[in-house]
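Accompanying notes for the structure given below.
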Amino acid sequence: MPSMRMSSIFKGLVAAAAVGLASLRADVRLPAIFSDHMVLQQKQECAIWGWASPGEKVNAAIAGRTRSAEANSAGRWVMKLPALTEPGPYTLTISGENRITIVDVLAGEVWLGSGQSNMELTVGQARDFAGEKAAANFPRLRMFKEESPTASSEQFVGKGRWVVCSPEVVGRFSATLYFFGRELHRFLATPVGLINSSVGGTPIESWIPAEAQHGSERLKPFFAEARIAAANFDAAAAQEKYERELAAWREAVAAAKAPRAAPRKPVNLNEVRARWSDVGGLFNGKIAPLIPFAIRGAVWYQGEANAGNDKARFYQYQLPLLVTEWRRRWGYDFPFAWVQLPNFAVSGRDWPLVREGMLRSLAVPHTGMTVNIDIGDPHEIHAGNKQEIGRRLSLWALAEVYQHHEIAWCGPLFASYEKRDRGIVVRFKHTAGGLVVKSGGLQGFMIAAEDRRWRPATARVDGDTVIVTSAEILEPVAVRYAWENNPACSLHNVAGLPASPFRTDDWPYP
36 MPSMRMSSIF
46 KGLVAAAAVG
56 LASLRADVRL
66 PAIFSDHMVL
76 QQKQECAIWG
86 WASPGEKVNA
96 AIAGRTRSAE
106 ANSAGRWVMK
116 LPALTEPGPY
126 TLTISGENRI
136 TIVDVLAGEV
146 WLGSGQSNME
156 LTVGQARDFA
166 GEKAAANFPR
176 LRMFKEESPT
186 ASSEQFVGKG
196 RWVVCSPEVV
206 GRFSATLYFF
216 GRELHRFLAT
226 PVGLINSSVG
236 GTPIESWIPA
246 EAQHGSERLK
256 PFFAEARIAA
266 ANFDAAAAQE
276 KYERELAAWR
286 EAVAAAKAPR
296 AAPRKPVNLN
306 EVRARWSDVG
316 GLFNGKIAPL
326 IPFAIRGAVW
336 YQGEANAGND
346 KARFYQYQLP
356 LLVTEWRRRW
366 GYDFPFAWVQ
376 LPNFAVSGRD
386 WPLVREGMLR
396 SLAVPHTGMT
406 VNIDIGDPHE
416 IHAGNKQEIG
426 RRLSLWALAE
436 VYQHHEIAWC
446 GPLFASYEKR
456 DRGIVVRFKH
466 TAGGLVVKSG
476 GLQGFMIAAE
486 DRRWRPATAR
496 VDGDTVIVTS
506 AEILEPVAVR
516 YAWENNPACS
526 LHNVAGLPAS
536 PFRTDDWPYP
């Protein structure tokens with residue numbers, strides 16, 4: 036009898052284990068980026084990955100070809116889809132214990148756009164929305180918005196969906212990314228997929244893996260200063276101040292005769308500090324789920340949040356680190372370009388130093404930068420002319436990535452300088468055949484002697500150089516150009532693109 040009972044118990048345990056194992060079997064699942072209306076990078080094998088039961092065989096079929104993979108012990112599988120040379124549309128099926136069908140898949144050029152609010156700002160908020168909306172009939176241009184939040188560890192599934200461009204939906208697209216992609220779509224006559232992963236008000240340190248930042252010798256002072264600032268910050272006092280300012284703001288809004296007459300809403304410093312202390316969180320939540328989805332390249336519009344509190348001087352180290360870390364995670368050196376901050380009349384921030392950090396970051400191979408010192412809005416940080424921002428980014432991509440070298444893509448960049456007689460001769464590259472001064476004369480140059488006192492300079496163009504002098508200085512040693520948040524400047528190249536702000540000195544700020 037005891038043996039029969041033990042046998043019965045054993046059979047029951049086996050049956051229960053079988054039920055448990057069956058319940059543990061998982062359907063094949065995919066990250067959110069793999070969904071209807073997606074665009075795959077053309078002419079190269081594209082990674083596809085997901086999850087299934089450990090050991091489960093997974094098949095992927097597209098364009099009459101099949102690839103297979105087996106889920107590992109953690110249930111993760113990855114494979115490469117065959118290269119697609121025609122635009123499609125295609126149907127992609129993934130099958131294991133279950134079957135997933137993804138329809139209306141195109142093959143084209145895929146670009147990632149990231150950054151803060153000026154990348155996040157939508158077509159509906161940009162200049163001439165009515166006209167842009169009416170013209171936005173581009174069914175082979177699609178956008179995926181990564182909507183997952185910040186995270187304390189790397190995420191994998193993501194959140195979002197692909198949307199086909201039409202007048203009904205274009206108002207929700209990132210304006211910078213849309214106008215960039217639209218130019219590529221028109222010029223290359225190929226489908227374009229745009230991935231928007233951006234969050235307003237966020238610093239660059241949120242977008243770089245935390246371990247890479249903490250392992251950087253260049254950034255050790257950055258984190259040391261951040262710890263001191265955190266220890267000295269009074270969160271309760273900041274909250275009390277914000278609530279007082281908020282109450283006064285609400286009264287002012289109620290009393291304003293027109294919406295434009297109302298003052299800006301006050302900033303909650305506790306919220307700002309929470310964003311600043313989020314090191315790597317947006318990489319974990321909004322970039323990691325996209326890796327290793329095949330992209331042609333990436334464009335970046337950020338820097339405003341790093342222009343204050345003595346953070347600006349670190350941008351020259353942070354931007355190259357972001358580029359190299361993203362490339363390392365993707366496994367290849369994709370092209371990467373950024374938007375140099377335009378002119379803006381702001382106090383208490385150091386936009387020139389962030390711009391310089393962007394200029395210096397061009398030392399990273401296969402990178403580019405658009406200069407926009409002439410198209411900002413002095414009184415609005417979210418300037419509405421995103422059409423020109425996107426166009427200038429597209430010039431870089433067409434010239435440098437797609438090898439249309441006849442296209443001038445960059446404004447004049449500082450190349451070298453030499454002292455000559457009582458002046459300084461500055462040489463430029465990317466002149467596109469010559470330097471041009473816009474109406475009003477050549478403005479924006481400052482000159483200094485050994486005393487480091489900056490004086491307005493007289494400047495004139497001579498071929499690919501600018502000769503800078505001052506009647507007050509006999510022995511000049513340094514020159515700066517457009518070295519202000521909102522400078523007066525007028526130097527362009529023949530292609531009509533503006534010169535980047537620069538300085539020849541490395542003097543510390545007072």
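In this note's numbering, the protein residues as written are 36 to 545. Every residue gets a Cβ at the ideal spot worked out from N, C-alpha and C, and that includes glycine.
Using a Cβ-Cβ cut-off of 6 Å (strictly less than) and excluding sequence neighbours within five positions of S460, which residues of its own chain qualify?
The sequence as given places Val at residue 460; Ser does not occur at that position. Result list for V460: E453, T500 and I502, in chain order.
DSSP three-state assignment for N546, whether helix, strand or coil:
Absent from the structure is residue 546, since the part of the chain shown begins at 36 and ends at 545.
The alpha helix (DSSP H) enclosing L176, as first and last residue numbers:
L176 -> not in any alpha helix (DSSP H); beta strand (DSSP E) instead, spanning L176 to K180.
In whole angstroms, what separates the C-alpha of D409 from that of H72?
37 Å
If you count every other CB in all the chains shown that lies within 10 Å of the CB of Q248, and 16 or more means buried, which is it?
buried
Do T185 and G320 count as a contact pair if the criterion is CB distance below 7 Å?
yes
Please classify K473: does DSSP put it in a helix, a strand, or coil?
coil
Alpha-carbon spacing of N528 relative to L448, whole angstroms:
10 Å
Would you say G159 and L141 are within 7 Å of each other, going by their C-beta atoms?
For G159 and L141, no; Cβs fall outside 7 Å.
Could you give the DSSP three-state label for Q76: helix, strand or coil?
strand
Start and end of the alpha helix (DSSP H) containing L219?
A210 to L223
Rounded to a whole number of angstroms, what is the C-alpha to C-alpha distance between E121 and E278?
58 Å
Span separating the alpha-carbon of E155 from that of G235:
6 Å
Determine which residues share a DSSP beta bridge with Y516 and list them.
F480 and F537
How many angstroms separate the CA atom of F537 from the CA atom of R515?
6 Å
Given A434, which residues of its chain have a CB within under 7 Å of its CB, disregarding the five upstream and five downstream residues?
H440, I442 and W444
From K92, V288 and P117, pick the residue whose C-alpha is nearest to that of S108; which is it?
K92
Can you find the residues in the same chain that come closer than 8 Å, C-beta to C-beta, to S251, ignoring five residues on each side of it along the sequence?
Y352 and L356
Inter-residue spacing [alpha-carbon to alpha-carbon] between V512 and K421
Inter-residue distance for V512 and K421 is about 38 Å (C-alpha atoms, whole angstroms).
Excluding the 5 residues flanking A27 on each side, which residues of the same chain have their C-beta closer than 6 Å to its C-beta?
No statement about residue 27 is possible, as the shown extent of the chain runs from 36 to 545 and does not include it.
Nearest-angstrom Cα separation, counted from Y367 out to L509
Linking L509 to Y367 through their CA atoms gives a straight-line distance of about 51 Å.
Kindly indicate which residue of G85, A67 and S70 has the alpha-carbon position closest to the one of A61.
G85
For R310 and P244, what's the separation of their Cα atoms in angstroms?
15 Å
From the DSSP output, read off the bridge partner residues of D412.
E415
Just to confirm, are W242 and F318 a CB contact at a threshold of 7 Å?
Judged by beta-carbon spacing, F318 lies within the 7 Å limit of W242, meaning their Cβ atoms are closer than that value.
Which two residues bound the contiguous alpha helix (DSSP H) that contains G425?
K421 to W431
7 Å is my cut-off, CB to CB: does R490 come that close to chain D?
In summary, chain D is missing from the structure at hand, where a single protein chain is found.
Contact between the segment 328-343 and the segment 372-379 (3+ Cβ pairs under 8 Å):
yes
When the Cβ atoms of the segment 176-196 are set against those of the segment 280-292, are three or more pairs found closer than 8 Å?
no
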